[in-house]
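Quick notes on the structure that follows.
There are 4 protein chains.
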Amino acid sequence: MNFSSDTAAPAHPAILEAMLAASKGPAPSYGADPWTAAAQKSLRDAFETDLDIWLVPSGTAANALALATLCPPHGAILCHDEAHIERDERGAPEFFTGGAKLSLLSGKHARIELPALKRKLDANRHDFVHETPVHVLSLSNLTECGAAYRPFEIAERAALAHAAGLAVHLDGARLANALVSTGASPAEMTWRAGVDVLCFGATKNGAVGCEAIILFGAARQRLMDLKVRVKRAGHMPPKMRFLGAQMGAYLKDGLWLDLARRANTSATRLADALTRAGAELAHPCDGNEVFVHLPEGIADKLAKAGATFYPWIDGSHRFVCSWATEPHEIDALAGHLG
Amino acid sequence: MNFSSDTAAPAHPAILEAMLAASKGPAPSYGADPWTAAAQKSLRDAFETDLDIWLVPSGTAANALALATLCPPHGAILCHDEAHIERDERGAPEFFTGGAKLSLLSGKHARIELPALKRKLDANRHDFVHETPVHVLSLSNLTECGAAYRPFEIAERAALAHAAGLAVHLDGARLANALVSTGASPAEMTWRAGVDVLCFGATKNGAVGCEAIILFGAARQRLMDLKVRVKRAGHMPPKMRFLGAQMGAYLKDGLWLDLARRANTSATRLADALTRAGAELAHPCDGNEVFVHLPEGIADKLAKAGATFYPWIDGSHRFVCSWATEPHEIDALAGHLG
Amino acid sequence: MNFSSDTAAPAHPAILEAMLAASKGPAPSYGADPWTAAAQKSLRDAFETDLDIWLVPSGTAANALALATLCPPHGAILCHDEAHIERDERGAPEFFTGGAKLSLLSGKHARIELPALKRKLDANRHDFVHETPVHVLSLSNLTECGAAYRPFEIAERAALAHAAGLAVHLDGARLANALVSTGASPAEMTWRAGVDVLCFGATKNGAVGCEAIILFGAARQRLMDLKVRVKRAGHMPPKMRFLGAQMGAYLKDGLWLDLARRANTSATRLADALTRAGAELAHPCDGNEVFVHLPEGIADKLAKAGATFYPWIDGSHRFVCSWATEPHEIDALAGHLG
Amino acid sequence: MNFSSDTAAPAHPAILEAMLAASKGPAPSYGADPWTAAAQKSLRDAFETDLDIWLVPSGTAANALALATLCPPHGAILCHDEAHIERDERGAPEFFTGGAKLSLLSGKHARIELPALKRKLDANRHDFVHETPVHVLSLSNLTECGAAYRPFEIAERAALAHAAGLAVHLDGARLANALVSTGASPAEMTWRAGVDVLCFGATKNGAVGCEAIILFGAARQRLMDLKVRVKRAGHMPPKMRFLGAQMGAYLKDGLWLDLARRANTSATRLADALTRAGAELAHPCDGNEVFVHLPEGIADKLAKAGATFYPWIDGSHRFVCSWATEPHEIDALAGHLG
């Protein structure tokens with residue numbers, strides 16, 4: 001009954017087997033190996049466009065490197081006040097950018113709302129030396145509260161941002177879960193909707209530790225800048241083949257979407273069990289996370305029974321399912337709700 | 001005939017198998033897992049002392065994080081002008097420290113010599129606001145030219161540094177190779193000789209991607225500072241168990257020393273073959289690297305035959321053996337020397 | 001009719017004359033001169049305690065240097081969301097700290113309210129590596145909306161901050177105006193109320209360009225750190241005597257309080273004139289600034305008549321008086337209000 | 001007998017009088033005042049070209065800001081190993097650039113020599129991600145040893161730098177002294193010789209505290225970037241008129257060249273007196289500084305007699321004359337040499 005986080009799950013066997021298979025003979029270091037090239041090709045196929053990439057072992061690294069290629073030290077990044085980059089990365093964006101600001105918007109379900117975004121962008125002045133203008137809009141899909149944006153919602157926000165001269169970053173630590181629940185294609189949800197740089201997560205969905213920073217369209221011109229930052233941050237380990245192999249296996253034959261589907265299905269079942277027992281959904285269950293207001297006494301009871309899950313800042317509790325969540329875990333939890 | 005670098009080698013099967021074995025069931029994220037705890041215990045045993053650690057996937061990350069915990073933004077790090085931290089890390093120490101300087105010393109075989117070190121430390125003024133004082137002495141063993149310091153040599157340098165109020169960092173990307181060739185124990189070569197923080201490499205000697213930052217003695221008080229920097233730099237991936245598993249397997253039953261012995265033996269055989277063919281050693285062959293001045297025409301001949309190796313800045317050529325170098329590769333190379 | 005800002009005013013003659021008087025013969029550079037020593041002594045007298053100082057030409061420099069001595073790169077500074085350090089310094093605190101965050105609280109009249117402060121401090125976790133804890137509470141007096149805190153209000157906030165392990169910074173760009181209107185002594189408003197580091201402004205109140213960073217009590221141990229940061233930021237000009245001379249003259253015979261009294265009196269008269277004409281005070285007029293909601297059409301009328309003043313983000317307009325504001329300017333403005 | 005530094009001198013009366021004259025009535029803040037505009041016009045006239053400027057109170061600020069506009073955080077600045085930016089600015093270039101490196105060349109009299117410069121530039125690789133390429137060549141004229149480059153020497157070095165894709169920075173803290181001794185015009189020594197950004201000193205030559213960062217030619221496109229950095233570093237004090245007034249007075253009617261001529265003449269007389277007494281010039285006396293190897297016992301004797309001067313790292317002693325050095329001071333010193 002471990003619902004603490006999808007990061008608590010092990011790696012999927014197919015991904016570890018791909019690492020084993022990649023461990024044969026010498027290979028060029030620092031990303032010039034065939035596995036990394038194959039991963040890039042698989043990403044091109046999945047996203048139906050040409051693109052450039054770098055692979056890193058953590059979402060914090062992916063987000064911070066992506067943002068640093070888009071925002072100067074004296075600029076700001078617009079994001080939701082519950083965003084992972086604001087709340088949970090110990091100032092990594094500030095460190096990697098050399099001291100940029102995060103400028104915060106609030107909004108239900110950790111979603112950025114259009115009117116607030118418009119107001120903020122209208123007040124943005126790139127030529128006023130005293131204030132710090134925003135240079136990047138950072139969205140998350142799934143949001144930190146487990147809600148999904150649909151492609152047209154990403155597109156609306158990105159269009160406003162681009163019109164105001166901003167670049168668009170998407171934190172896709174749980175993008176697979178959002179794609180499965182919305183039925184959108186990878187392309188529709190990202191570059192076709194105006195995303196310039198995507199952090200595409202695999203770790204929470206079955207990898208050992210692998211996230212792709214993906215540059216689309218004009219942002220591809222920043223590849224050399226990105227690689228310099230990557231090197232300087234210690235994120236260019238010599239044996240990159242083992243990151244390439246992970247990403248290749250993750251995408252192969254739709255494994256990534258199968259794993260996300262599995263996790264989402266578990267979450268739906270869990271949400272049903274919880275709401276049947278009197279809990280109320282605090283946020284839409286659009287992926288693999290369930291946020292509920294629990295009836296009095298239930299949290300303690302579940303914890304005593306050995307279930308792991310987290311209290312959330314809004315008074316709700318968060319339960320996360322992963323690709324590895326077993327039906328019997330949900331049944332067991334449900335059994336303690338009675 | 002791949003002698004380009006020990007980073008071109010694959011990972012040792014025992015290390016990959018340990019990762020597979022660690023991929024069972026849920027585990028706490030961010031380093032609170034049992035594999036990371038076991039790795040720390042194994043390191044304590046190997047180094048015969050209590051210590052604190054963090055595991056990262058690259059030597060650049062290890063060095064830069066270690067140095068940043070020891071040197072303020074307005075201080076300097078004393079190192080050899082051929083050191084990896086100066087030459088090959090794209091300014092990672094400067095980035096992680098927030099703008100500290102590297103202060104350079106020259107010396108044969110990329111070794112720091114005592115008289116130059118003394119002169120530098122004598123001129124160091126911690127209370128003079130206009131100049132940048134050195135706060136850390138960084139040594140490398142093996143050096144960038146493949147030479148080894150023996151424990152008393154580390155101790156002499158560390159004693160001078162400590163007397164001048166500096167901390168001592170050891171870049172041990174190839175420490176195993178230096179231990180094997182000198183016969184020193186891990187403890188003798190590090191904390192007993194005055195090393196405060198060690199970057200202990202495994203990647204070049206058989207790991208997938210794993211280096212331990214090891215804090216000894218009083219430096220252990222900096223653990224929280226180190227962890228904050230680690231998090232902020234994206235070097236706290238959620239599934240740390242896979243780093244812990246690598247380090248555990250690397251140390252188990254002396255695998256690490258066996259692999260280093262294998263690589264050193266290959267290098268000795270290669271050095272013999274090269275010198276018999278008229279090459280001259282440019283630097284002592286104290287580990288798994290051979291630097292030679294080749295007779296005219298030989299470099300081209302070898303390259304045409306398919307051997308890979310690198311020209312060095314001093315006019316010599318570098319050949320690196322790894323744990324995976326096969327005797328037949330050396331024989332094949334030797335066959336082209338005639 | 002220039003009510004644009006107190007920074008538009010010239011310097012007071014006594015301050016320029018002191019600079020002239022200091023320009024005699026050779027003097028030690030970098031702050032070791034007698035004028036800087038005398039300024040420090042005058043500040044000790046004015047604040048009735050021992051203290052350490054550094055003098056800089058701008059409030060942005062003073063605030064950023066002070067904050068950087070109190071907050072590590074991986075920490076946060078708690079301030080009001082309208083604070084000058086957040087709104088008007090182009091990320092100087094982020095630059096000087098090496099990437100710290102500003103954590104924002106809202107509250108009427110740009111004042112930090114106790115309940116919001118308590119909630120924020122209760123949630124602060126210094127030992128949780130993923131989040132960025134606050135290390136400093138930054139207050140402004142006058143606030144950005146021209147309101148004054150009284151000493152007990154500073155003390156209440158500082159006590160909460162200290163209890164939570166924070167240091168307390170006071171942005172006193174207009175401290176003289178706050179002292180005059182509240183009747184508090186410099187000591188009561190600062191170190192006796194728990195302020196650790198004060199940025200004590202003179203520029204807006206008659207100096208050429210001079211702000212003192214003042215370290216009180218235990219914060220004095222940070223003097224060397226401050227001086228290193230000062231040097232590294234180019235804020236240690238050789239001829240420091242000219243900054244020392246300014247501060248000495250500013251404090252001599254209570255000039256600073258006389259000038260603030262003059263400015264406050266002008267503001268009171270201006271506020272009377274404006275409110276008599278139907279304007280409503282948007283914020284308390286506790287110093288030399290008047291924020292009013294103007295009756296329709298008045299802003300345009302005044303601007304056409306040649307008056308200078310600024311629209312504020314809350315829909316009000318800001319009128320600032322300085323030591324140099326002349327009664328006839330207020331009368332002239334009043335004449336256009338009818 | 002104060003020969004400690006030209007920074008120990010007072011300000012020239014004409015410069016202080018200009019500040020007094022500027023202190024009349026309200027003026028726009030932050031550099032939009034007429035005095036700053038006039039200073040820019042005077043600099044255009046003096047340098048015979050259009051240019052953009054910013055005025056700061058210290059040479060360290062000027063150099064660091066200029067370098068930060070030319071060099072990214074992951075680049076390097078090529079300079080002499082005795083350069084002020086390397087030795088005497090506590091890492092200000094590293095701070096302002098966000099962690100760039102200084103890459104050092106040696107050479108007699110603190111001059112960069114052509115062959116060493118060529119070798120360095122030949123090895124520079126902008127597209128190799130592991131190493132830190134140089135982006136800027138920084139020259140000083142006068143050098144730190146008081147020697148002057150002539151215009152063709154600046155031009156030779158700048159041409160090599162430009163051909164290698166570098167920008168050229170000139171630290172002109174004592175440019176006036178170099179112009180007087182070489183007879184070169186400001187234009188010949190700077191932009192016509194290939195200088196992109198000049199730090200033009202006035203403080204050591206009679207100002208209260210004023211240095212101009214001057215952007216020439218294509219570098220003028222970096223003005224907004226420079227201003228943002230200036231603001232963020234606290235170097236945009238509100239009452240900029242007092243910096244503008246200084247620079248205007250400094251340039252008016254050739255005052256700056258008169259003052260430099262006076263200082264150079266004093267240095268020549270001092271050098272004569274010292275060499276007649278058996279001292280040997282350690283470096284060419286091309287400006288207002290005299291570096292001599294003193295006969296045994298003389299340094300102590302002079303110090304006891306009350307003369308102030310500094311020992312230099314090469315075993316010589318440095319004596320600096322300023323615009324305010326009086327003939328009788330030199331006579332007095334000469335009297336103690338006998």
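Residue numbers (this note's numbering), protein chains in the order written: chain A, 1 to 338; chain B, 1 to 338; chain C, 1 to 338; chain D, 1 to 338.
Quick reminder that beta carbons are idealized off the backbone N, C-alpha and C, glycines included.
Check                                                                                                          : Outcome
Neighbour list for A/V129 in chain C, Cβ cutoff strictly below 9 Å                                             : R90
Own chain, CB closer than 7 Å to B/D52, minus 5 neighbours either side, in chain order                         : L215, R220, L223
Outcome for C/K118 when other beta-carbon atoms lying within 10 angstroms are tallied against a minimum of 16  : exposed
CB contact check: D/E94 to chain B, cutoff 8 Å                                                                 : yes
For B/R157 and B/H283, the rounded distance between their alpha carbons                                        : 21 Å
Cβ-based burial, B/Y310 [other Cβ within 10 Å; buried from 16]                                                 : exposed
Identified DSSP bridge partners for B/D171                                                                     : B/S140, B/C199
Candidates A/D314, A/C199, A/L160, of which the one nearest A/L175 by Cα                                       : A/C199
is_contact[D/R232, chain A] using C-beta, thresh 8 Å                                                           : yes
Supposed contact pair C/G172 and C/N205 - C-beta distance, whole angstroms, cut 8 Å                            : Not a contact, Cβ separation roughly 11 Å.
Where the alpha helix (DSSP H) containing D/S103 begins and where it ends                                      : Careful: D/S103 lies outside any alpha helix (DSSP H), inside the beta strand (DSSP E) at 101 to 105.
Residue closest to B/P73, alpha-carbon to alpha-carbon, out of D/G91, D/A307, D/L105                           : D/G91
Beta carbon proximity, D/K101 to chain B, threshold 8 Å                                                        : yes
Cβ separation of A/L121 and A/A164, assumed to be a contact under 8 Å, to the nearest whole Å                  : 4 Å
Buried versus exposed call for D/P151 [16 or more other C-beta atoms within 10 Å across all chains shown]      : buried
Short Cβ contact (8 Å threshold) for A/A14 with A/A249                                                         : yes
Residues of the stretch 50 to 69 of chain D whose Cβ lies closer than 7 Å to any Cβ of chain C, in chain order : V56, P57, S58, T60, A61, A64
Simplified DSSP state of C/P151, which is helix, strand or coil                                                : helix
For C/Y310: DSSP bridge partner residues                                                                       : C/R318
Interface residues of the stretch 222 to 250 of chain C facing chain B [CB-CB below 9 Å]                       : M224, D225, K227, V228, R229, V230, K231, R232, M236
Beta-carbon gap between C/L259 and C/F319 smaller than 8 Å                                                     : no
Cβ of D/P311 within 8 Å of any chain B Cβ                                                                      : no
Check whether A/G287 and A/N177 have beta carbons under 8 Å apart                                              : yes
Short CB-CB distance (under 8 Å) between C/T132 and chain A                                                    : yes
Paired residues, beta bridge with C/L51 - DSSP                                                                 : C/F216
Cβ-based neighbour list, C/A39, same chain, cut-off 6 Å, excluding 5 preceding and 5 following                 : G244, M247, G248
Pairwise C-alpha distance: D/E144 and D/F291                                                                   : 10 Å
Closer than 7 Å at the beta carbon, the chain B residues around A/A267                                         : None at all; the shortest Cβ gap to chain B is about 16 Å.
When B/S29, B/D225, B/G31 are compared against B/A66, the one with the closest alpha-carbon                    : B/D225
Beta-bridge partners of C/E289, as assigned by DSSP                                                            : C/V320
Outcome for A/S106 when other beta-carbon atoms lying within 10 angstroms are tallied against a minimum of 16  : exposed
Cβ-based burial, B/L55 [other Cβ within 10 Å; buried from 16]                                                  : buried
Alpha carbon of A/I367 to alpha carbon of A/W35, nearest angstrom                                              : The structure shown does not extend to residue 367 of chain A, since chain A is modelled only from 1 to 338, so the question has no answer here.
Straight-line Cα distance separating B/S42 from B/E89                                                          : 29 Å
Beta-carbon proximity of D/A62 to D/T97, cut-off 8 Å                                                           : no
Alpha-carbon spacing of B/S322 relative to B/R192, whole angstroms                                             : 28 Å
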